Structure formats: C-alpha cells, structure tokens
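Sequence lines, in order, name chains Z and F. Counting along the first sequence from 1, when you hit position 236 you're at 236 in my numbering, and nothing is skipped either side. Counting along the second sequence from 1, when you hit position 97 you're at 97 in my numbering, and nothing is skipped either side. Note that beta-carbon positions come from the ideal geometry of N, C-alpha and C, so glycine has one too. Computed from a predicted structure; not experimentally measured. What follows is one structure encoded as structure tokens, with my remarks underneath.
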Amino acid sequence: MEGSLSTNELTIGVSEVRRISRAVQESYGFDFSNYALSSFRRRLERFMRLQKITSVSVLIERMIKDPVFFNFFLKEITVNVTEMFRDSSFWREMRDKLLPELNKRYRIKIWHAGCSSGEEVYTMLIMLSEAGMLDKVRITATDINSDVLKVAQSGLIDAKKMELNQKNYSSFLGNSSLTHYFKREDNTMRIDPRLLRPVTFQEHDLAREGSIGGFDLVLCRNVMIYFNKDLQNRVLSTFSSSLARGSYLAIGTMESLDGTLVKAQFAKGNFRENIYRKTSQ
Amino acid sequence: MISRPTPYKAIVIGGSAGSFPVITKVLSSLKTPYRIPLILCLHRLKHVRSGFVEALSIKSNIKVVEPFDKQTIKPGFAYLAPANYHLSIELGNHFSLSTEEMVSYSRPSIDITFESCGFAYKQKLLGVILSGANKDGAHGIRKVKAYGGTTLVQDPMESKVATMPTAAIESHKPNHIYSSQKIIDFLNLINR
Ligand SMILES: C[S@@+](CC[C@H](N)C(=O)[O-])C[C@H]1O[C@@H](n2cnc3c(N)ncnc32)[C@H](O)[C@@H]1O
C-alpha cells in the first residue's frame, strides 16, 4: 500500500520502508536495512511530513536525482539528541570505579562510537581532566553524520543547552563548575580548546565498517537502540574485536548485552551501571 | 455494551497527572494469571530514574519492569516506559527505545508508544487513555483505532484531570468511555 494520506496522517508500511532503504543503498551505499523498524519508520514519516512529501515514490525519486537533497535526508534521519553527563550515576561509576582501573595503564585509548555533537566526549574530557588523567589518553570519536561531527569538533554548545548540562554535572558531583571549562561567545559556549587536544574526530559508519584499531575502552551509548538485533550483534562483535581481554565496553543505561551473541565474552563484574569487562581472548 | 472479547495481544495505557491512583488500582485488581502484557506510558519527572517502578510495584499483582532496549514482551508483566526514552514496539514482539526529540514536551511520549503499538498489533490491541493534564495521546489513540484496535478512555467526569481524556475523545470516537471501576472490570473480562 502506498502512503498518500494527508501529510499529518501519513503512514508508511514495512514494504515501503524496505523500498526506501534499498534505493538508498543502491544509489549511495548507506545501509539502513537493519535499523530498528519502529524508529526508522518514524524518522522517515517525520522527514516526509516536514518536507511535505506525500508519497514514497516521490521521496525516492528526489533522493536518487539530487545528492544535495539526499545529504540533507541523511542528516535528518539520524537521531542526534544528546546531553553532557547524561545519566549522572553512570558517569559517577565511570569516575569512581573504572578510572582507577584504567589509570594503571601507561596509555589509554578510548573510542566514542556515535558521538553525535560531542557532549559525551566533552563529558569524558572533563572527567579525565578532573582526575588528572588527560595527558595519557587518546580519544577517537566517530559518527556517521558529518554535520554533527563538525559541531563536535568546533567545541561549541548552544548556550540554551547548558542549563540541562549544568544540572547533570551537579548530580555528577564534579569538583568544579561546568562554566569553568567553557567560554561564552554570543549565544554559544566554547569548550576550552586544550581539553580537545587528545581527540580525533572521524566519520565512521557502524553499519558498514569494522574495527578502527585496539582500545582500552569503547563507549557506544544510545546508538545501537536505533539498530535491529542483527545489526546490534554485528556492531558488538566489531567492538569486541577492538578490545583486548581486560578492556572495557560501556553501553547505554537502558541497553543490555543479554540475548546478544557477545554476551559470553563480557562480564559486568561489580559494576552496577552498564560497563562490561572483556573476559575472553 | 461488552460483546465477545477478542484475543488481545497487548494493552497499552497512557496517562499523566491524576492517573497514578488509577494505575495502582488497576494493577492491584488484575486477576492473575493475567495473560495480556501491559505497556504503560506515563508522564513523570524528567531525569528521575528510579522510584516509579517501586511505587507502582507495591500493590501490583503483576510484575512491573522498565524494559531495556530489544527486551522481549511477555505476558504477566507491566512494562513501564523508562524516563527520558520513547518506548516503541518492534514487529518481532520486543521493545525498542529511542531518545528522539520530545513530543508534546514529553519523553516518553504517549503518542509515540500508542502509534507504534497500533502499527504492530493492529486489531489485537486495546488502547487506554487515563487522566492527564495535556493532549499527548490524542493522536496516538486515534491511530490505534485506525489500525483496527479497540480504544477505551477514562470518563473525563471521573478523571482527576480531564484534559487528556477529553482530547482523546475529541480526536476520535472511542469504543468505550468508562469509569476506573469499569475499566478494571473490562480488563479482567478480556483476560480469558
Ligand atoms: C542519540 S545519539 C547518541 C549520542 C551519545 N552517544 C549519547 O549517548 O548522548 C545517536 C548517534 O548515533 C549516530 N549513528 C546512527 N547510525 C550510525 C551508524 N551507522 N554509524 C555511526 N553512528 C551512527 C547518529 O548520527 C547520532 O549522532
């Protein structure tokens, strides 16, 4: 059935979602075929509603013909909502239980997979700086969306977002004030550029690319929730192959390795939050 | 009139201000074994992660849990949309979570959960809107009906805050408008 109701009522079915991802893959290579149907379908409907496109055929035609339009589609279809110190109890546990472990190492390599506009990376940097560990880390932060990566790299955060970040930082119980790390520039806040020194930002598509090296810690939070179980398993095995035994994987607060194919390779130990230690070779 | 009950695969319930006492009463009045999974999308304080499940569990006859992403949906459970995430249903009978933008200032959004339940369960879904202070859910419950599901709205006259049930009634023609006691009776009746 072709979705062509009034735009507000637009509903696209499973076969139409498949048609769209097939067309995207054939023309541009991106692979959305294993995204979670519920949210991907909703993102498609939202995009069509905003663009006032009432049929899937029209959407596909425009995407194939117009690479600029497709690029815009790509940016809109991913969910980039993020906060600093999101789930403060997770970051407290990182600081109190994981950092002392990592600090035993001479060098620490960290991968933020799906870093969006950078808030999660900034959180890590501030936490490391407060622990006096900034000098020994190398961070690789990746995302499929080049626009958010540019924002992340710029070190700028919309001043309007700072209130929530502040609140999260307060419940993280950091040993300073968040404003200490930022400088105001009109309506944005710029993070102290010295903090960003250990970070490399790069485009990376978890659906199509594999490991980018060995790490002591991989963070992938609120990214795999947009994937179906098959893709989650594939991505988790990429992470697993990026981690030596004794290294760590941190996932989102409402995610779980239960029921995944890598479950046996990881253990939570005495972490209460979703931090796992790789136990197999 | 209650005609022959259909075999429902799920019951989705939405509410905000004033719905808490109704939900606790429902959960404490369900006859066990209750065979239909309950999916609860209730507005609550942002960034408050714990406490709600415990509060709902105290008198509940079935287990109340916050599902993690891709968790399988089983009978005998009430699944509560976790704070700061939207809760959706996948076709393989499991949940998906999402951090998309707020809808009607809410995350979780009742509209999102209802629409996705409607899409997945079609006529095998019962959608229930309870007391609440905004219009979230009005669009979702209309979708549930459009997908073939049955809809039930708490009588605005009996609701602590009538905005949400009133909006639900204005958005579509519900199958039933019931008081909380009749809602409980109905939920027990369809549990064959
Ligand atoms: C909701 S944000 C999560 C940001 C951050 N990790 C957090 O927890 O706040 C999800 C991010 O995943 C990215 N993403 C989606 N699909 C991806 C893929 N195939 N490869 C890499 N990143 C992807 C999106 O672009 C988006 O920035």
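9 Å Cβ cutoff, residue i in contact with chain Z
i: residue 114(F); result: no
i: residue 77(F); result: no
i: residue 55(F); result: no
i: residue 124(F); result: no
i: residue 89(F); result: yes
i: residue 69(F); result: yes
i: residue 119(F); result: yes
i: residue 172(F); result: no
i: residue 96(F); result: yes
i: residue 92(F); result: yes
For residue i, three-class secondary structure by DSSP
i: residue 101(F); result: coil
i: residue 47(F); result: Reliability of the predicted coordinates at residue 47(F) is poor, the pLDDT of 49 falling under 50, and no value is obtained from them.
i: residue 247(Z); result: strand
i: residue 35(F); result: coil
i: residue 150(F); result: strand
i: residue 98(Z); result: helix
i: residue 135(Z); result: helix
i: residue 35(Z); result: strand
i: residue 185(F); result: helix
i: residue 271(Z); result: coil
i: residue 83(Z); result: coil
i: residue 93(Z); result: helix
Buried or exposed by the 16-neighbour rule on C-beta atoms within 10 Å, applied to residue i
i: residue 84(Z); result: buried
i: residue 66(F); result: buried
i: residue 189(F); result: exposed
i: residue 71(F); result: buried
i: residue 186(Z); result: exposed
i: residue 245(Z); result: exposed
i: residue 105(F); result: exposed
i: residue 58(Z); result: exposed
i: residue 281(Z); result: exposed
i: residue 92(F); result: exposed
i: residue 51(F); result: exposed
i: residue 33(F); result: exposed
i: residue 87(Z); result: buried
i: residue 43(Z); result: buried
Bridge partners - residue i, DSSP secondary structure assignment
i: residue 42(F); result: 15(F)
i: residue 112(Z); result: 141(Z) and 219(Z)
i: residue 178(F); result: 154(F)
i: residue 201(Z); result: 141(Z)
Contact with chain F by residue i, beta-carbon distance below 9 Å
i: residue 51(Z); result: no
i: residue 96(Z); result: no
i: residue 11(Z); result: yes
i: residue 56(Z); result: no
i: residue 255(Z); result: yes
i: residue 222(Z); result: yes
i: residue 166(Z); result: no
Residue i and residue j closer than 9 Å at C-beta
i: residue 156(Z); j: residue 189(Z); result: yes
i: residue 155(F); j: residue 138(F); result: no
i: residue 222(Z); j: residue 262(Z); result: no
i: residue 186(F); j: residue 38(Z); result: no
i: residue 171(F); j: residue 130(F); result: no
i: residue 247(Z); j: residue 218(Z); result: yes
is_contact[residue i, chain C] using C-beta, thresh 9 Å
i: residue 82(F); result: Protein chains Z and F are contained in the structure displayed, whereas chain C is not.
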